[in-house]
């Protein structure tokens, strides 16, 4: 469990706080989607979840973040790295090897995973992400979606409790973006891995996450399940957050008392809603 | 064609220990440097191309030889006019342009450069950079930090190349004329290309360092590597043959 | 405005990226180029402004053959907004950055001043900002300003909203729409966000594996699920929803239209 109390952070050489007064508890097994305008503090927040802030990035740090009861300010970031794995936004730069297999081996070797265990782990994560055929490929020859899978696989090999991803689908087309979300959902359901993902594609968040968090100027402007959005649709618009068209539609229908069910998050849901209205 | 790309394969050369490959490339170079005979030097080059053929990289070897010839040519010209020993060979209006000694030593030096560089360049065609570094850490106990810097530098070359190409496209699309012949205008083009590249490289290097650190870079020792790089009979044979080559060269071709 | 005549482009003969394409885009149109990654969208946009040249066939921009015109000259007719603004930003202030394109194209100095000042106001920027430390959205706006300050007749947007939040996205798209309507600037937008395409584009060109799969008015394409599916793009939600009810919601494309239609039906049928 990650517990964030009164978290605030001001980057060195900056006058404004990137994060301010953040309070949140991320339970084991949760799937949290974070969205917000650029400069809202999303990336900074992900850095606070595994000790990169305050350990590796300079600035003024307020409040406390604890991972399984351990304070991130009091232990080396490496101690949390195996518990909370992070896939950074710049996918090319975070790779450390030129071949897929070596990329996955890197963390395993460094953290001293016994050598007799390594082979089995590499096989397993490659299989879990369906990229067995990429094992000997040069990373530079992979597509964006494949690179994301490799990055997730190399985190997964360390058997983390939490995976944090910063806009992994930013440069992917809709098909590959959805695939990443499907993979994460499977890991979340079957292995109980907690997933925290920063994402601009609100449609995907609505469809897959358990909780949604909207950041605005370093504050939490909304936190709740995707269905809770219905009461905050106006807030979302003011904050510049897009909501899926079908959600907007259902919110309108509910407001006008044409429909009395729940807010819809997918086209399938909306179809059922319209059929009910048509009788 | 990329000069330093790995060419996958399963030949005798490919299967050598990466440390042996590096050592062998150096030994071959030493032999070529000791050698003092123009014809033997040509023999070294031809032999290297033949050896490459056994690993399926003859095409690369020929391509590299052609490119190295350019370097050789520069050395040749410099040497030709600066070494003044032997009899005058080319005299224009009473001025000795170059001598027999100059010609011989120029020819020898340029061939030597090609023969000594060729195996080192070919090393990359049959060795993954990662393997080379891991083997050096594991077997020679090279500090991992240096190995990592070298592999990262190599890995970033194609990334920066793409980045540079994209930046050039972006500036061209704004109307910057990169084909200008005017030298002053050309100098003004440096900033629009280099500033974005510098800004993005700084960001990339930052992320790269953070990512490596978060994955336990600092905890790594020379025993950490999973892959073993054992030396085998073929490594011993290779080194012995090359030492033999050096001895023969030193005795008969000096 | 743009004319592709039997254009083939590729690095290898066997697997061309574009395969014998012929199409044209009228002056003043707003066209979206859609398709999955690797369908050839970016290649088309780069062929249009001469960054790439066709392997076979010809591309004409305003009647000029791109093979015979240097790309720096084509830049005067054709502004290009890239996905990543960081590839172009190279000056220390917003003012200099925006003036850079005009200087590169050789505009007279007195005209540069006035235009730069005006566009800085329209785009709500500060001339003295250090561009590198601004947010992604602001950097994209700076980049767009530096393209539009030259008032090109054609504007190409390559995935203009990648990495942008919704607010910045609307801001940029609204400005582009105004430009299209008021000044008649032709817009060619590469995108795989169908909601964006539906909201802004007039016509759509669907690409798949380097060939044109469909072409027509936006609303028509939005309801052609066969084509969208083949092109591996995610359809816009409301048209997809409407289509599931056959002819019932034939003219429904937006949330408002759907609301109106359901309001009418609920009123008549009296579901509630």
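Residue numbers (the working numbering), protein chains in the order written: chain A, -14 to 264; chain B, 9 to 262; chain C, 15 to 286. From the three backbone atoms N, C-alpha and C, an ideal C-beta is built for every residue, glycine too. Please read these numbers as outputs of a predicted model, since none were measured by experiment.
Ranges of the alpha helix (DSSP H) found wholly within the segment 29 to 108 of chain C, counting only runs of at least 4: The DSSP assignment places 55 to 62, 85 to 88 as complete runs of the alpha helix (DSSP H) inside the segment 29 to 108 of chain C, in order along the chain (cut-off: 4 residues).
Inter-stretch contact (C-beta, 8 Å, three-pair minimum) for the segment 56 to 73 of chain B and the segment 141 to 157 of chain B: Under the three-pair Cβ rule at 8 Å, the segment 56 to 73 of chain B does not count as touching the segment 141 to 157 of chain B.
Limits of the beta strand (DSSP E) - the one that residue 112/B falls within: Along the second chain, read from residue 1 onward, the residue named residue 112/B stands at position 104. It is not in any beta strand (DSSP E) - residue 112/B instead sits in the alpha helix (DSSP H) that spans 108 to 134.
Where residue 184/B meets chain C, residues with beta-carbon distance less than 7 Å: Here residue 184/B is taken as the residue at index 176 of the second chain, counted from 1. Correct list: 86, 118.
Where residue 98/B falls: helix, strand or coil (DSSP): For the purposes of this step, residue 98/B is taken as residue 90 along the second chain, with counting starting at 1. Shown here, residue 98/B sits in a strand according to DSSP, grouped into three states.
Residue environment, residue 228/B, which counts as buried when at least 16 other CB atoms sit within 10 Å: Here residue 228/B corresponds to residue number 220 of the second chain, with the count starting at 1. When all chains shown are included, residue 228/B counts as buried.
Limits of the beta strand (DSSP E) - the one that residue 17/C falls within: Here the question's residue 17/C lines up with position 3 in the third chain. Residue 17/C -> beta strand (DSSP E) spans 16 to 23.
Nearest to residue 60/C (by Cα), restricted to the options 92/C, 82/C, 33/C: Within the third chain, residue 60/C is the residue found at index 46, counting from 1. Nearest C-alpha to residue 60/C: 92/C.
Residue 23/A vs residue 150/C beta-carbon contact at 8 Å: Working through the first chain from its first residue, we reach residue 23/A at position 38. Working through the third chain from its first residue, we reach residue 150/C at position 136. Yes, the Cβ-Cβ distance between residue 23/A and residue 150/C is below 8 Å.
4 or more residues per run - each alpha helix (DSSP H) lying fully within the segment 38 to 97 of chain A: With a minimum length of 4 residues, the unbroken runs of alpha helix (DSSP H) contained wholly in the segment 38 to 97 of chain A fall at 62 to 66, 76 to 79, 85 to 95.
Residue 75/C to residue 240/C span [Cα, whole Å]: Working through the third chain from its first residue, we reach residue 75/C at position 61. Working through the third chain from its first residue, we reach residue 240/C at position 226. Residue 75/C and residue 240/C: Cα-Cα distance of roughly 32 Å.
Proximal residues to residue 212/A (C-beta, below 8 Å), its chain only, five neighbours per side dropped: In the first chain, counting from the first residue as 1, residue 212/A sits at position 227. Once the five neighbours on either side are set aside, the close Cβ partners of residue 212/A are 247, 248, 250.
Rounded C-alpha distance that separates residue 143/A from residue 24/C: Reading the first chain from its first residue, position 158 is the one you call residue 143/A. Reading the third chain from its first residue, position 10 is the one you call residue 24/C. In this structure, the straight-line span from the alpha carbon of residue 143/A to that of residue 24/C is close to 41 Å.
Neighbourhood of residue 186/B by C-beta distance below 8 Å, restricted to the same chain and skipping five residues each side: Numbered from 1 along the second chain, position 178 holds the residue referred to as residue 186/B. Excluding sequence positions up to five before and after residue 186/B, its CB lies within less than 8 Å of the CB of 176, 179, 180, 197, all in the same chain and listed in chain order.
Simplified DSSP state of residue 241/C, which is helix, strand or coil: Along the third chain, read from residue 1 onward, the residue named residue 241/C stands at position 227. Helix at residue 241/C.
Cutoff 8 Å: residue 135/A Cβ touching any chain C Cβ: Counted from its first residue, the first chain places residue 135/A at position 150. Answer no: the Cβ-Cβ gap between residue 135/A and chain C never drops below 8 Å.
CB contact flag (residue 336/A, residue 269/C, <8 Å): The displayed coordinates of chain A run from -14 to 264. Any statement about residue 336/A would go beyond what the structure contains.
Span separating the alpha-carbon of residue 219/B from that of residue 110/A: Within the second chain, the letter at position 211 stands for residue 219/B. Within the first chain, the letter at position 125 stands for residue 110/A. Their backbone Cα atoms lie some 19 Å apart in a straight line.
Distance, residue 122/B Cα to residue 42/B Cα: Translated into positions along the second chain, residue 42/B becomes position 34. Translated into positions along the second chain, residue 122/B becomes position 114. The straight-line gap from Cα to Cα measures roughly 14 Å.
Separation of residue 219/A from residue 205/A, as counted between CA atoms: Residue mapping note: residue 205/A aligns to position 220 of the first chain, counting from 1. Residue mapping note: residue 219/A aligns to position 234 of the first chain, counting from 1. Looking at the two C-alpha atoms, the distance is approximately 16 Å.
CB-CB length for residue 66/A against residue 39/A, believed under 8 Å: Locating residue 66/A in the first chain gives position 81, where the first residue counts as 1. Locating residue 39/A in the first chain gives position 54, where the first residue counts as 1. The Cβ separation is near 15 Å, so there is no contact.
Assigned exposure category for residue 193/B - 16 Cβ within 10 Å defines buried: Within the second chain, numbered from 1, the residue matching residue 193/B stands at position 185. Residue burial annotation: residue 193/B is exposed, with fewer than 16 other C-beta atoms found within 10 angstroms of its C-beta.
Residue 199/A versus residue 79/A - alpha carbon distance: Here residue 199/A refers to the residue found at position 214 when the first chain is read from its first residue. Here residue 79/A refers to the residue found at position 94 when the first chain is read from its first residue. Their backbone Cα atoms lie some 26 Å apart in a straight line.
Opening and closing residue of the beta strand (DSSP E) in which residue 229/C lies: Translated into positions along the third chain, residue 229/C becomes position 215. Per DSSP, the continuous beta strand (DSSP E) segment holding residue 229/C begins and ends at 225 to 231.
Whole runs of the alpha helix (DSSP H) within the segment 158 to 191 of chain B, excluding any shorter than 4 residues: Positions of the alpha helix (DSSP H) runs, each at least 4 residues long and wholly inside the segment 158 to 191 of chain B, cannot be given because no such run exists.
Pair within 8 Å by beta-carbon distance, residue 125/A and residue 16/B: In the first chain, the residue the question calls residue 125/A occupies position 140. In the second chain, the residue the question calls residue 16/B occupies position 8. Residue 16/B sits away from residue 125/A, with the two beta carbons spaced by 8 Å or more.
6 Å Cβ shell around residue 18/B - same chain, five flanking residues per side excluded: Counted from its first residue, the second chain places residue 18/B at position 10. Excluding residues up to 5 positions away in sequence, nothing lies with its Cβ nearer than 6 Å to the Cβ of residue 18/B in the same chain.
Span separating the alpha-carbon of residue 260/A from that of residue 14/B: In the first chain, residue 260/A corresponds to position 275, counting from 1. In the second chain, residue 14/B corresponds to position 6, counting from 1. Using only the alpha carbons, I get a separation of about 60 Å.
Contact set for residue 83/C: own chain, Cβ-Cβ below 6 Å, skip 5 residues either direction: Along the third chain, read from residue 1 onward, the residue named residue 83/C stands at position 69. Cβ neighbours of residue 83/C within its own chain (closer than 6 Å, five residues either side excluded): none.
Short Cβ contact (8 Å threshold) for residue 79/B with residue 110/B: Translated into the one-based positions of the second chain, residue 79/B becomes position 71. Translated into the one-based positions of the second chain, residue 110/B becomes position 102. With respect to the 8 Å criterion, residue 79/B and residue 110/B are not classified as neighbours on the basis of their beta carbons.
6 Å CB neighbourhood of residue 285/C in its chain, flanking five on each side removed: The residue you call residue 285/C lines up with position 271 of the third chain. Per-residue confidence for residue 285/C stands at a pLDDT of 46, beneath the threshold of 50, marking its modelled position as unreliable; the derived number appears in the next sentence. Excluding sequence neighbours, residue 285/C sits near nothing in its chain.
Expected contact under 8 Å - CB spacing of residue 143/B and residue 54/B to nearest Å: Walking along the second chain from the start, residue 143/B turns up at place 135. Walking along the second chain from the start, residue 54/B turns up at place 46. With a Cβ gap of about 29 Å, residue 143/B and residue 54/B do not count as contacting.
Segment contact, 8 Å Cβ cut-off, at least three pairs: the segment 33 to 52 of chain B with the segment 245 to 254 of chain B: In this structure the segment 33 to 52 of chain B touches the segment 245 to 254 of chain B; the number of beta carbon pairs closer than 8 Å is three or more.
Residue 256/A versus residue 15/A: straight-line alpha-carbon distance, rounded: Taking the first chain and counting its residues from 1, the one referred to as residue 256/A is at position 271. Taking the first chain and counting its residues from 1, the one referred to as residue 15/A is at position 30. Going from the Cα of residue 256/A to the Cα of residue 15/A covers about 28 Å.
Residue range of the beta strand (DSSP E) that includes residue 220/A: Along the first chain, one-based indexing puts residue 220/A at 235. First-last for residue 220/A: 218 to 224, but that is the alpha helix (DSSP H), not the beta strand (DSSP E).
Minimum C-alpha distance to residue 272/B - residue among 125/B, 45/B, 25/B: Nothing can be reported for residue 272/B: it is not among the residues displayed for chain B, which extend from 9 to 262.
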